[in-house]
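Peer 1:
Chains as they are written, first to last, in this note's numbering: chain G, 5 to 506; chain A, 5 to 506.
#1: With H, G and I counted as helix, E and B as strand and the rest as coil, what does DSSP make of residue 160 (chain G)?
#2: Compare the C-beta of residue 63 (chain G) against all C-beta atoms of chain A and say whether one is closer than 8 Å.
#3: In chain G, what lies closer than 8 Å to residue 329 (chain A) by C-beta?
#4: Taking the straight line between their C-alpha atoms, what separation do you get for residue 450 (chain A) and residue 352 (chain G)?
#5: Assess contact between the stretch 335-348 of chain A and the stretch 357-364 of chain A, defined as three or more Cβ pairs (one per stretch) separated by less than 8 Å. Is contact present?
#6: Name the two residues that bound the continuous alpha helix (DSSP H) containing residue 53 (chain G).
#7: Any idea what DSSP makes of residue 407 (chain A), helix, strand or coil?
#8: Just checking, does the stretch 279-292 of chain A make contact with the stretch 234-245 of chain A on the three C-beta pairs under 8 Å criterion?
#9: Less than 8 Å separating the beta-carbons of residue 153 (chain A) and residue 483 (chain A)?
#10: Between the stretch 364-377 of chain A and the stretch 416-426 of chain A, can you find at least three pairs of beta-carbon atoms closer than 8 Å?
#11: Closer than 9 Å between beta carbons: that is the criterion. Which residues of the stretch 447-462 of chain G meet it against chain A?
#12: Would you call residue 285 (chain G) buried or exposed, if buried means 16 or more other Cβ atoms sit within 10 Å of its Cβ?
#13: With DSSP collapsed to three states, give me the class of residue 305 (chain G).
#14: Taking only heavy atoms of the ligand ADP into account, decide whether any of them is closer than 7 Å to the Cβ of residue 462 (chain A).
#15: Quick check on residue 415 (chain A): does DSSP put it in helix, strand or coil?
#16: Tell me the rounded alpha-carbon separation between residue 3 (chain G) and residue 193 (chain G).
#17: In this structure, does DSSP put residue 512 (chain A) in helix, strand or coil?
#18: Give the list of continuous beta strand (DSSP E) stretches no shorter than 3 residues that lie fully inside the stretch 60-101 of chain A.
#19: Please classify residue 494 (chain A) as buried or exposed, where buried requires at least 16 other C-beta atoms within 10 Å of its C-beta.
#20: Contact criterion: CB-CB distance below 8 Å. Does residue 219 (chain G) meet it with respect to chain A?
#21: Can you name the start and end residues of the alpha helix (DSSP H) that residue 107 (chain G) belongs to?
#22: Mind checking the stretch 242-269 of chain G against chain A and listing, in chain order, the residues whose C-beta falls within less than 8 Å of any C-beta there?
#23: Is DSSP giving residue 31 (chain A) helix, strand or coil here?
#24: Any idea what DSSP makes of residue 222 (chain A), helix, strand or coil?
#25: I need the straight-line Cα distance from residue 442 (chain A) to residue 44 (chain A), nearest angstrom please.
#26: Can you pull the chain A residues whose beta carbon is under 7 Å from the beta carbon of residue 295 (chain G), in chain order?
#27: Thinking residue 325 (chain A) and residue 273 (chain A) are a contact (beta carbons under 8 Å), I'd like their distance in whole angstroms, please.
#28: Excluding five sequence neighbours on each side, which residues of the same chain lie with their C-beta closer than 6 Å to the C-beta of residue 147 (chain G)?
#29: Could you run through the stretch 428-446 of chain A and flag, in chain order, every residue whose CB is less than 7 Å away from some CB of chain G?
#30: Taking only beta-carbon atoms, is residue 30 (chain A) less than 8 Å away from chain G?
#31: Under 9 Å, CB to CB, which of the residues in the stretch 45-79 of chain A have a partner in chain G?
#32: Suppose you measure from the CA of residue 1 (chain A) to the CA of residue 277 (chain A); what does that come to, to the nearest Å?
#33: Looking at the unbroken alpha helix (DSSP H) that takes in residue 203 (chain G), where does it start and where does it end?
#34: Using alpha carbons as the reference points, say which of G:76, G:89, G:71 and G:156 lies closest to residue 82 (chain G).
#35: Report the CB separation of residue 40 (chain G) from residue 410 (chain A) in whole angstroms; it is logged as a contact under 8 Å.
#36: Residue 390 (chain A) lies in the beta strand (DSSP E); which residues open and close that run?
Below, the structure is given as C-alpha cells:
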C-alpha cells in the first residue's frame, strides 16, 4: 500500500514536471511599502479593534460548533454573540505563518505567499459576462472555462482564479465540480476552491487530492478558499463551514472583511480600518483554533459607497488609502496581505474603467500587497467578467511587473560607455549600450498603442476595446491546454460523475 | 511718483482681493515619499552625473553670453562645449530656494512651490486640439481661451497653465501676446509665461508687471517659464535666452530635461537618471549664475521610447520608476520637484488613456512631486489637448487631492460611537456618525458613474467620453470670467496693440 502510494505520488510529480514552463514571471517587489500611518496610529487602530471585540463582540451565525470552539478557548459566548477577552485573538493569530508555498500542479507555477512576493489573480465569482459582440449576459460553463484558458495563457497572472463567471447553464448544486474541473484541467497555475457549502469545499479538496496525490495535500497548500465576513461584525455559517473544512485539511484561507464604508462599515476611513482589522483577525484566529498553523491571508476589500446613490465605488481614492493602511496592519500582524486588483464600477471598458483600475492596482504595490485579486476581467463592481477588460487589465499587470522590479543599478545600467560613445547633441538609438539592453530595458505591451496618429489611423484607428477584442479571440483560438496524466483526468471525471449521481 | 506707485499698487491689490474665491483646494501631501533608491544609489547617480559634466561636458548652443558666464565662473569652455570642475555646480545650486511663493492675481489663488505642497497644472503647448464632435484639428485662439476658462473653473487645478493649444489662426510672432492675455484675463490662478524668444519672455514679464504692479514683480514670483534641455547634454540658445530673461527679472524657472530613454538618453533607467540630473543641475546652476536665488523647479519628463516603433511611450512603468527616483534626486538637491501629469500616448480618451494617465499621475504623489504638469487635457503624447480628456483627467486630480489628505485619525474618525450604535449585523447608512461625516468623508466625482447597470442604461448608457463631452460644454456655457480692474485691462490691451504694431 505504502509502495503503491509512493509510485502514484512519483507519477503525479513526474506528470506535473512535464507540464510546459509558463512565461509568466514571479514577482518580488523592490518597492518599499508606504508607511502612511505612524506606529502610534496603527496601535490606536489595533487597540480600538480589540476593544470593540472585547466589549461589543462579533456574531458567529448558524454554526454551533464554532461557538463551542470559542467558548472552550475562553471567549464569552452569549447566544451567537462572541466577546473576546484581552490577548486571546493576538495569541491565536501568532500561529498563522508569515509565508507559505502555494503549490500548482506544474511545480514551476507554484508561488510563495508572503514576504515581498506578489501574486496576481483574475476576477473570481462574477455573475455576468460581457464582450462587445454579445453584450452583457449570464455566464455559461464555456465562458467559465474560457476565462480559465485566458488566465492560463496570461503572461502576467501567476494565479488561475477559480470561478471566472458563474455558469448558470449548469445545476446549482453540482456546478462547482465543473468549475473546479475547468480551472484544474485548463490551467496548471494555483487555483481557488469552492466555498458555496461544506460539501463543495470538501469536493474541491478531494479533486485537489486526485491531482496532487493524497499525501502531498496532507502536508502542502494546493488550494485556497476566499472567505468574506458578513460585515459589520458577523461571520456567517455559510463561510464558517468552508473555513473549517479547508483549515482542517491544511489548506489556505483568504479572509476578507466585506467593508463598504458608509454602509457595512463606518463612513470614515479610520473607523473602517478598525472594523477591517476586527473582522480579519477573528477569522484568522478561528482558523488557528480549528487547526494551528493554517496558512491565511489578511484580505482587504474596503471601499466607500457613493453617498448620493448608495452604490459602491471602486478604484476611488479612499480605497487607495485603505489599501495602504490595511497593508500596514497586516504587516504588523505578521501575515500575508491581499488587496485590490483592477477594480472599477464602470459598465464599459472605457476611460473610467482604465483610470479606476489603475488607481486600484497601483496602490496595492505601494501597500506591500502579497496577492491581488480581481486583477483581470473585473467590470461593474465585480458583477461582470469582461473579455475585453481582461486583456486591457493585463497591460496594467505588465506595468506592475516592471514597477516591482525597481531600478537596476549595476555598472552597465549606469551607461557611462553610452555617454562616451554618444556625447552631447546626438542620439542613443544605435549605440552599443542600447543594443545590449533594448530587448529587456523597456516593457513591451500587447495592446497599448504608442504609434503616431497617422500610423494609428492607417492601421484602422481602433480604440483600446477593439484591440482587446481581437486579442482575446486570438488567445483563445491559439490556446493549448497544459498536459495532464490521462489517469488523473479519468479519476477526476469519475469523481465528478459519482458526486453528480448523489 | 513714489506715492502714485503706491496708490497704483494698492488699487491693484484691492482688485485682486475682490476676485472671487476659488473652490479649488490647496494640496499638502500627507503621503510620505517613496525612497526607491538607497542613499548609496543616489550618491552613485549624482557622482556619475558630475563626472559626466566634468569629463564630457554639455553644449550651450548659440549663446555667447552664457559661455562667457560659465568661463568667468571657472568652467572649462571650448567652443560651445562646457566642462564643469568639481564643486562648481553643487555650489551654484545651493543658491536655489527650497520653497517659494508663486503669486496669482487673486491672492487667494497664490500657491507655495516646495515642501509638501502639490500644485496641479494643465497641459501646456499642444499643437492640436480634439473633441469628439469636431475631431482632431489645429487649435485657434478660441480653443486656447476656452482651455484657460476650463482651467479657471476646474475644481482641482491650482494652476491655469499657459498655452492650452497653439492658436494657428494668429500670426506666429505676436500670438504669445494673445495667449498670455487669455490666461491672465480668463483666470486668476498662477500662469506660465512665453518662452518662444527673449522678446516673448520679456512681453510675458511686462504684461505681468501691468497686472501685479511693477514693484511687486521686482520682489515676487508671478510668472514661470517652462524650459527644456535639448537632450542629450545640450542647452539650446532658444531656451537660454528665456532662462536669462526670467532669471534676471526674479521670475521662476521650471527646468526639465527632455529625456526619452533609448533615444535622447540611455535606454537604461539609471543611465537616464544620470542624464536627468546632469541636465537639470546645469540649468539650475546657470539660473543662479545669472541671478542668485532664482526660484527653480527640478523637472522630470523621463520616459522610454517604444523600442519597436521608436515612438515615445507615456504612462508606462519605466516612467513611473523614473518619477520616483528623480524625486529623490531633487529632494537631495533641496529644490522643488516637478513630474508628470495625466500623460498618455493614446489617440482617443479610451481605457488606454485612462490607465496610462492614472499610472502617470499617481506615482507623482509617491515621488513627492511639488508640481505636476499636463494634468488635464493631455492626449497623444502631448500633441493634443482634448476637451473630453480634460474633464476625465479632473477625476484623477480629485482622487489625487483625496489621497494626499491621507487618513484622519481624530477621535471622531475612529467611529467608536458608530459601532456602539450599529453593532453587528446591521448597517451604518443612517447612524449619527455617518450623518456627521457623509458630506465630507467620501469624494464626490463629477463624471464617474457608480450606478447599477440598469440605472446607467436608463440614463442613456453613456460612456466616460460622452459624459465628459456634456460636462465641458456645460462648464464653458456657465463660465464667468473673474473680475479685473478695467484700467489694467486697458493697459494690457494698449501694450499688446503697441507690441503688435512693431
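No residue lacks a Cβ here, since even glycine has one placed at the ideal position from N, Cα and C.
Peer 2: Here's the rundown:
#1: For this step, residue 160 (chain G) is matched to residue 156 along the first chain. Three-state DSSP puts residue 160 (chain G) in coil, outside helix and strand.
#2: Translated into positions along the first chain, residue 63 (chain G) becomes position 59. By this cut-off, residue 63 (chain G) is an interface position.
#3: As a first step, residue 329 (chain A) must be located in the second chain, where it is residue number 325. Per Cβ cutoff of 8 Å: 411.
#4: Working through the second chain from its first residue, we reach residue 450 (chain A) at position 446. Working through the first chain from its first residue, we reach residue 352 (chain G) at position 348. Looking at the two C-alpha atoms, the distance is approximately 17 Å.
#5: yes
#6: Position 49 of the first chain, counting from 1, holds the residue named residue 53 (chain G). It spans 43-59 - the alpha helix (DSSP H) in which residue 53 (chain G) sits, taken as one unbroken run.
#7: The residue labelled residue 407 (chain A) in the question sits at position 403 within the second chain. If DSSP states are grouped into helix, strand and coil, residue 407 (chain A) belongs with the helices.
#8: yes
#9: The residue given as residue 153 (chain A) occupies position 149 in the second chain. The residue given as residue 483 (chain A) occupies position 479 in the second chain. For residue 153 (chain A) and residue 483 (chain A), yes; Cβs fall inside 8 Å.
#10: no
#11: 447, 448, 449, 451, 452, 453, 454, 455, 456, 457, 459, 460 and 461
#12: Within the first chain, the letter at position 281 stands for residue 285 (chain G). By the 10 Å Cβ count, residue 285 (chain G) comes out buried.
#13: Working through the first chain from its first residue, we reach residue 305 (chain G) at position 301. Looking at residue 305 (chain G) - three-state DSSP - the assignment turns out to be coil, as it is neither helix nor strand.
#14: The ligand ADP is absent from the structure shown, which contains no ligand whatsoever.
#15: For this step, residue 415 (chain A) is matched to residue 411 along the second chain. Three-state DSSP puts residue 415 (chain A) in a helix.
#16: Given that chain G is displayed from residue 5 to residue 506, the structure contains no residue 3 (chain G) and the question cannot be resolved.
#17: With chain A running from 5 to 506 in the structure shown, residue 512 (chain A) is simply not present.
#18: 62-65, 80-82 and 85-87
#19: As a working mapping, residue 494 (chain A) is identified with position 490 in the second chain. That one is exposed.
#20: Sequence index remark: in the first chain, residue 219 (chain G) carries index 215 (1-based). No, because no Cβ of chain A sits closer than 8 Å to the Cβ of residue 219 (chain G).
#21: The residue labelled residue 107 (chain G) in the question sits at position 103 within the first chain. It is not in any alpha helix (DSSP H) - residue 107 (chain G) carries neither H nor E in the DSSP assignment.
#22: 265, 266, 267, 268 and 269
#23: Within the second chain, residue 31 (chain A) is the residue found at index 27, counting from 1. Of the three classes helix, strand and coil, the one that applies to residue 31 (chain A) here is strand, per DSSP.
#24: For the purposes of this step, residue 222 (chain A) is taken as residue 218 along the second chain, with counting starting at 1. The answer is helix: DSSP assigns residue 222 (chain A) an H, G or I state.
#25: Looking up residue 442 (chain A) in the second chain gives position 438. Looking up residue 44 (chain A) in the second chain gives position 40. Going from the Cα of residue 442 (chain A) to the Cα of residue 44 (chain A) covers about 46 Å.
#26: Counting from one through the first chain, the residue named residue 295 (chain G) turns up at place 291. Simply none; closest approach about 25 Å.
#27: The count along the second chain starts at 1 and reaches residue 325 (chain A) at position 321. The count along the second chain starts at 1 and reaches residue 273 (chain A) at position 269. Residue 325 (chain A) to residue 273 (chain A), Cβ: 6 Å. Contact.
#28: The residue labelled residue 147 (chain G) in the question sits at position 143 within the first chain. The residues are 133 and 169.
#29: 428, 429, 430, 431, 432, 433, 437, 438, 441, 442, 445 and 446
#30: If you number the second chain from 1, residue 30 (chain A) lands on position 26. No, because no Cβ of chain G sits closer than 8 Å to the Cβ of residue 30 (chain A).
#31: 45, 48, 49, 52, 55, 56, 59, 60, 61, 62, 63 and 65
#32: It is not possible to answer for residue 1 (chain A), since the shown part of chain A is limited to 5 through 506.
#33: Along the first chain, read from residue 1 onward, the residue named residue 203 (chain G) stands at position 199. Counting along the chain, the alpha helix (DSSP H) containing residue 203 (chain G) begins and ends at 202-216.
#34: Along the first chain, read from residue 1 onward, the residue named residue 82 (chain G) stands at position 78. That would be G:71, whose Cα lies nearest to the Cα of residue 82 (chain G).
#35: Working through the first chain from its first residue, we reach residue 40 (chain G) at position 36. Working through the second chain from its first residue, we reach residue 410 (chain A) at position 406. The pair is a contact, with the Cβ atoms about 6 Å apart (cut-off 8 Å).
#36: Along the second chain, one-based indexing puts residue 390 (chain A) at 386. Start and end: 388-390.
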